[in-house]
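Asks: Questions regarding the structure given below will be posed in turn.
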Amino acid sequence: MNIDGPINSTGEDASGIADDAVTPEHVIEVALGMFSQNGFNETRLEQIAKNSGMSKRMIHYHFGDKLGLYHRALAEAIHRLHPEAEEMELDSTVPVAGVRKVVDAIHRRYLAHPEAVQLFVQENLHPHADFSEIPPMNNDASITLHLDKLLMLGQDAGAFRPGIAAEDIFTLISALSCYPTTHSPGFDHSFGVDLSSEENREGLHSMVVDTVLAFLTSNIPHSGRDSYLTAQPLSDSTSSSAQGIYADED
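Per the numbering used here: the sequence shown = residues 1 to 250.
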């Protein structure tokens, strides 16, 4: 059928499909899958229109152009990899249990949305978007602040070693959690281990959690730094929020 055919007076294209029956959210869903599989350059707007059921004309109306739609798909991918606050039980004040819950929630998101991982990795390798126009994965400051709070509580109690910040933990989680999506076929070919099997998915899940906790509790001399990584300076509003959550403990 010709999705890009002329629009008649009822708002339908030549195939009889009404554009208003297809939501922009559905188009983003289709585009995310196609961009993640084929990349930006090889994905055609005509094919997105055909697969989604929305005419190319209306896609331009909602998203401007292919790059505009790509930005929306990438933003949706990042959103899918970001757990909701309730998934991480941000009210926890027990360091080990609290960190375990955060790691668990983030890793489950990565496993549940391989299409989002693939698109995010592709964009980092072959950039087309402007990340400054897309909310970051840690745009909810309360999550980062909560993890930093758990790390501080664990360090004060002697359970965690010093010199580790939330950004270090996010680096470990994302690196290990991306692996099943980015390396599964090659890993199976090289080592005969199918990372996509249910048994190995559960094993990798345990490995990610145990790796983070071992990293926090290992007997390694303090580097003298507050973090392995250097984060950008916190904004005034974020700094105020951080002071607020720690002030509650006084």
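Positions of the beta carbon are idealized from the N, C-alpha and C atoms, including for glycine. In this text the structure is predicted, and so the values were computed from the model without any measurement.
Just to confirm the assignment, what range does the alpha helix (DSSP H) spanning Y179 have?
Replies: Where Y179 is concerned, the enclosing alpha helix (DSSP H) stretches over 166-191.
Asks: Find out if the Cβ-Cβ distance for the pair F35, T23 is shorter than 7 Å.
Replies: No, these two residues do not count as a Cβ contact at 7 Å.
Asks: Quick test of your reading: E76 and L32, contact by CB under 8 Å. State the CB separation rounded to the nearest angstrom.
Replies: Contact flag correct, Cβ pair sits at about 6 Å.
Asks: What does the alpha-carbon distance come out to for the pair D250 and A165?
Replies: Here D250 scores only 39 on pLDDT, less than 50, and its place in the model should not be relied on; the value that follows carries that caveat. Whole-angstrom Cα-Cα distance: 22 Å.
Asks: Classify F131: buried if its beta carbon has 16 or more other beta carbons within 10 angstroms, exposed otherwise.
Replies: F131 is exposed by the Cβ-count criterion.
Asks: Quick check on the DSSP output: the alpha helix (DSSP H) that includes Y110 runs from which residue to which?
Replies: Run containing Y110: 95-112, per the alpha helix (DSSP H) assignment.
Asks: How long is the line joining the alpha carbons of F63 and L45, rounded to whole angstroms?
Replies: Each residue's Cα considered, the two are about 11 Å apart.
Asks: Go ahead and label A97 buried or exposed: buried means 16 or more other beta carbons lie within 10 angstroms of its beta carbon, across all protein chains shown.
Replies: A97 is exposed by the Cβ-count criterion.
Asks: Going by alpha carbons, who is nearest to V254 out of A105, L69, Y61, T182?
Replies: Residue 254 lies beyond the stretch modelled for the chain, which goes from 1 to 250, so this question has no answer here.
Asks: Any contact of the segment 111-128 with the segment 175-188, i.e. 3+ C-beta pairs under 8 Å?
Replies: Counting Cβ pairs under 8 Å, three or more are found: they touch.
Asks: If you check the beta carbons only, do L229 and V208 fall under 7 Å apart?
Replies: Against a cut-off of 7 Å, the Cβ pair of V208 and L229 comes out as no contact.
Asks: What is the DSSP secondary structure of N219, reduced to helix, strand or coil?
Replies: Three-state DSSP puts N219 in coil, outside helix and strand.
Asks: Let me make sure I understand the geometry here. Which of I28, A73, R201 has the alpha-carbon closest to that of R108?
Replies: The shortest C-alpha separation from R108 is found at R201.
Asks: Let me confirm a value: R225 is counted as buried when at least 16 other C-beta atoms fall within 10 Å, else exposed. Which label applies?
Replies: That one is exposed.
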